[in-house]
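Residue numbers (this note's numbering): 291 to 556.
For each residue, glycine too, the CB sits at the ideal point set by N, CA and C.
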């Protein structure tokens, strides 16, 4: 009798749990991220794809380039949220299997390598773009977006005129080696920047703006008050004096700015 009572209690608890879950999480389509294996030569790469349950008719795609720590929850959450809005999304793996940084020192070293060896960075971005298309996105209707180091990569996608409709950089690096030639840029750019970001000097910002003019690009920069580097990263803390910190207003406003941009270009 005790055994029967215990079993009934367990079943009752399970039912209660399911009922609570149904109330908290209503019957909506939640985008699921799926790991995708691909390669750059002998280096194994693992990105993440999310396909909309009810995709847009034009199958628009968004390639997401993560910050310097590699694929993180922030990039994944962005992919999931955008997929819920009807976009095919793919989070790129830039460093490759076994190379994910474990601390900021390693991240700076690895990100620095790709910034110095820019063609290798561009190649990894292109390989990820190929995967997004292979997973079902319309090759003629894609936007590349990125955070911090990934924002730098998004701008590089524009500099090499990858076949995409738009570029969105969240607090990305704007610098360019002065010995590089400035080629015409056909893709539209949206740069979302912290007004108090200490990692981008006025000289570098002005050089970027001049580059865009010379390249005859369709570009815009939006500055966010009281925002420093990493203003979209909730894990960055809120102490602006450290140079990198989360800013809720800037995060929400920049996300809305990106969504408006996507509607216009896609």
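Spatial neighbours of residue i in its chain, beta-carbon cut-off 8 Å, leaving aside the 5 residues before and after
i           : result
residue 485 : 513, 514, 515, 516 and 517
residue 392 : none
residue 390 : 359, 360 and 361
Nearest-angstrom Cα separation, counted from residue j out to residue i
i           : j           : result
residue 311 : residue 340 : Below a pLDDT of 50, predicted positions are generally treated as unreliable, and residue 311, at 35, falls in that range; the measurement from the model is reported next regardless. Approximately 23 Å, taken between the alpha carbons.
residue 548 : residue 482 : 9 Å
residue 419 : residue 412 : 10 Å
residue 395 : residue 428 : 38 Å
residue 510 : residue 458 : 10 Å
residue 423 : residue 349 : 10 Å
residue 417 : residue 323 : 18 Å
residue 446 : residue 490 : 16 Å
residue 315 : residue 538 : A caution first: residue 315 carries a pLDDT of 34, below 50, which makes its placement in the model unreliable, though a value can still be read off. Computed Cα separation, rounded: 24 Å.
residue 398 : residue 454 : 28 Å
residue 492 : residue 402 : 21 Å
residue 494 : residue 406 : 17 Å
residue 531 : residue 499 : 27 Å
residue 421 : residue 335 : 11 Å
residue 527 : residue 546 : 22 Å
residue 469 : residue 501 : 12 Å
residue 372 : residue 331 : 30 Å
residue 553 : residue 388 : 37 Å
residue 460 : residue 508 : 17 Å
Neighbourhood of residue i by C-beta distance below 6 Å, restricted to the same chain and skipping five residues each side
i           : result
residue 442 : 462 and 463
residue 456 : 433, 478 and 555
residue 471 : none
residue 415 : 443 and 447
residue 543 : none
residue 450 : 412
Selected residue, minimal CA-CA separation from residue i, among the options
i           : options               : result
residue 497 : 466, 535 and 478      : 466
residue 409 : 378, 479, 452 and 328 : 452
residue 476 : 503, 460, 469 and 494 : 503
residue 438 : 364, 469 and 528      : 364
Cβ-based neighbour list, residue i, same chain, cut-off 7 Å, excluding 5 preceding and 5 following
i           : result
residue 404 : 384, 410 and 411
residue 474 : 505 and 506
residue 551 : 456, 458 and 480
CB-CB length for residue i against residue j, believed under 8 Å
i           : j           : result
residue 440 : residue 488 : The pair is not a contact, with the Cβ atoms about 19 Å apart (cut-off 8 Å).
residue 351 : residue 378 : 4 Å
residue 400 : residue 381 : About 17 Å; that fails the 8 Å criterion.
residue 368 : residue 354 : 6 Å
residue 386 : residue 425 : 19 Å between Cβ atoms; not a contact.
residue 535 : residue 529 : 5 Å
- prompt: Looking at C-beta atoms only, is the number of pairs between the region 429 to 436 and the region 517 to 527 that lie closer than 8 Å three or more?
  reply: no
- request: Taking 8 Å as the threshold, find out whether the region 356 to 364 comes into contact with the region 327 to 335 through three or more Cβ pairs.
  value: no
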